[in-house]
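Each remark here refers to the structure printed beneath this line.
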Amino acid sequence: MKYAQGQVIHDGNQDLYKLLKVSTISTYLGIPHHIHAEGVRGTGKTTLFRGVGKNLPKIIRIKDCVYNCHPLKPHCPQHKDLNREEVAKLETEWIQMPFMEISHGAKLGTVLGSIDLKKITDQNQPLAGILPGVIPRAHRGIIFIDEINRLADTSPELTDVLLDVMGTKPGKVQIEETGLTKVELQVNLGVWAASNPDEDPGSLQNIRKQLSDRFDFSTNVFRPAEPKVVQKILAGQSNPKTVEDDLNRILKNFSHCRTKESESETEGLVDFPQELSELLAKIYIDYSIESMRAIKAIRFGAIFHALMNKEINYDNNSSQAGLLNTGAYADSVDIDDILQIAEHTLKHRVSDETKKSIIQELENYKYRKEQPQVSNSNYDNHDQSHSKQDFNKKSTMRSQQFISNLVSRIKRSLQKPTKEKVKTTGDRGKSLMELAQEDKDSKELIKEGKREK
Ligand SMILES: [Zn+2]
């Protein structure tokens with residue numbers, strides 16, 4: 001069977017599935033975002049990670065390059081110094097984005113790589129003799145670590161490696177061999193990790209806060225709560241949209257995209273309104289958020305979320321199907337994209353209370369945006385009750401005005417000559433003259449209403 005049990009998407013794992021898609025898009029585009037999922041045993045989080053991991057889209061590389069060199073951006077020891085003409089002569093091939101696992105008991109040499117002394121002719125050039133480990137070989141793909149809390153607890157060396165890999169985008173690894181020059185390699189990959197905070201040694205956040213903060217997104221995974229979901233799982237039925245189809249559908253819009261060099265290159269992908277930038281900056285200051293990563297992750301998560309959903313919308317609309325192959329992107333990030341992501345970037349970084357206030361502030365912003373007729377000049381972001389009162393007061397004033405207009409209109413119509421009244425209440429429809437007269441009446445009424453004020 002192609003689809004594993006955990007790939008039935010339900011209320012308990014849909015957030016993880018959403019983040020997996022966001023992370024896949026970001027990694028594919030060269031700005032990987034990392035995910036940590038927490039859940040007790042039996043929630044199927046590991047199965048879902050692996051299910052998506054085995055269905056990742058294809059990338060192009062220089063043929064047979066174990067470091068997965070992009071033909072336009074070769075970075076490995078063998079290809080990085082070649083000029084354009086030399087690279088152009090090399091063959092290319094499509095491979096599935098790498099998906100590799102690191103267990104909590106892995107050895108440093110296996111993960112990073114080692115230097116084959118026999119291969120080195122010049123001791124000052126150890127690059128040529130590297131036997132790349134799991135991380136360098138997963139370049140442009142995903143590394144999955146189950147039980148990351150145990151790794152953080154028992155292997156400080158591996159934890160330091162992850163801090164380097166995830167510290168910047170792209171990250172780096174250093175391979176050392178006694179007596180040789182240290183070798184540094186650039187790696188750009190997404191890290192996906194799972195842990196069970198209820199089991200020894202406890203939550204990652206408490207074991208190694210710094211590593212926890214490196215994850216752009218964090219989420220909880222729960223068991224399915226509905227019997228019909230369990231039935232589906234037992235019957236081996238996945239959602240009709242399979243993971244593979246889902247990802248390919250999203251990514252075909254980006255297939256012609258150049259791999260990004262830096263975060264600033266996302267600017268061309270989708271518009272991030274200035275007003276939303278200001279909102280995020282204000283939240284960062286007002287709530288004294290310790291980690292700038294949290295705000296950056298909201299921003300980029302929202303960008304990738306916008307791209308993802310825009311594509312889905314196009315797909316649902318057959319009349320716009322032509323856009324699928326022309327590289328049509330989401331035109332702008334909106335507050336809903338931010339709301340879809342914010343929870344997951346704050347969960348592991350601020351207190352529950354702060355997180356709730358921030359989400360509330362974002363909701364308030366959305367509320368205001370959906371009520372464009374309300375003036376927000378005196379609006380205070382921190383005081384939701386104040387804004388609601390303000391809004392309620394204004395809408396009450398408007399309805400009072402409407403009712404008083406209506407009452408005076410009824411009064412006037414009652415004062416009209418009886419003859420006219422009979423005409424308009426008969427079975428026949430109104431004549432054009434009558435309608436014109438009524439219209440004139442209502443215009444006068446409005447004028448009078450203005451004078452009354
Ligand atoms: Zn290469």
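Residue 1 is where the sequence shown starts when you use the UniProt record's numbering, and the numbers rise one by one after that. Ideal Cβ placement from N, Cα and C applies to all residues, glycine included. All values derive from a computational prediction rather than experimental measurement.
Only counting the same chain, and skipping five residues up and downstream in sequence, which positions put a Cβ closer than 7 Å to that of residue i?
i	result
K63	L90, E91, T92 and E93
N206	none
L16	A37, K45, L48, T219 and V221
C76	C65, Y67 and C69
K80	P74
V22	H33, G301, F304, H305 and M308
E176	K182
S291	D213 and R349
Y365	L279 and I335
T345	D216, F217, A294, A297, I298 and G301
When DSSP builds the beta bridges, which residues end up paired with residue i?
i	result
T219	A37
I31	Partner(s): none; I31 has no beta bridge.
H138	Contrary to the premise, residue 138 reads as Ala rather than His in this sequence. Partner(s): none; A138 has no beta bridge.
S332	D271
S277	None, per the DSSP bridge assignment.
F99	I142
H106	According to the sequence as given, residue 106 is Ala; it is not His. Note: A106 sits in no beta bridge, so no partner.
K58	Q96
Q174	E184
I115	I130
A194	A37 and D146
Does DSSP put residue i in a helix, in a strand, or in coil?
i	result
L269	coil
A88	helix
L180	coil
E226	coil
H344	helix
Q78	coil
L189	coil
P156	helix
V8	coil
E290	coil
H305	helix
K73	strand
K63	coil
E361	helix
S203	coil
G44	coil
A235	coil
V350	coil
T24	helix
P169	Here the sequence assigns Lys to residue 169, which means Pro is not the residue at that position. Three-state result, K169: coil.
Q14	helix
R50	helix
N248	helix
Would you decide whether residue i is buried or exposed? Buried here means 16 or more other CB atoms lie within 10 Å of its CB.
i	result
L234	exposed
M308	buried
L247	buried
P57	buried
L362	buried
A152	buried
R216	According to the sequence provided, residue 216 is Asp. The question's Arg does not apply to it. Burial call: buried.
R84	exposed
A342	buried
K369	exposed
D286	exposed
D337	buried
L72	exposed
N317	Bear in mind that a pLDDT of 40 at N317, under 50, signals an unreliable position, so the model cannot answer this.
Q7	buried
P132	buried
G30	buried
Q340	buried
D213	buried
K18	buried
R41	exposed
K228	exposed
A281	exposed
P224	buried
G179	exposed
D200	exposed
G12	buried
Cutting at 8 Å between CB atoms, please list the residues of its own chain near residue i, excluding the five before and the five after it.
i	result
L332	Rather than Leu, the amino acid found at residue 332 in this sequence is Ser. Closer than 8 Å at the Cβ level, and outside the excluded window around S332, lie V270, D271, F272, P273 and A306.
K118	G129
G167	R214
S277	R299
Output needed for residue i: all residues of its chain with C-beta closer than 6 Å, excluding positions within five of it in sequence on either side, in chain order.
i	result
P98	A138 and G141
I185	Rather than Ile, the amino acid found at residue 185 in this sequence is Leu. Correct list, in chain order: P136 and V173.
T27	G190
I35	L19, S23, W192 and F217
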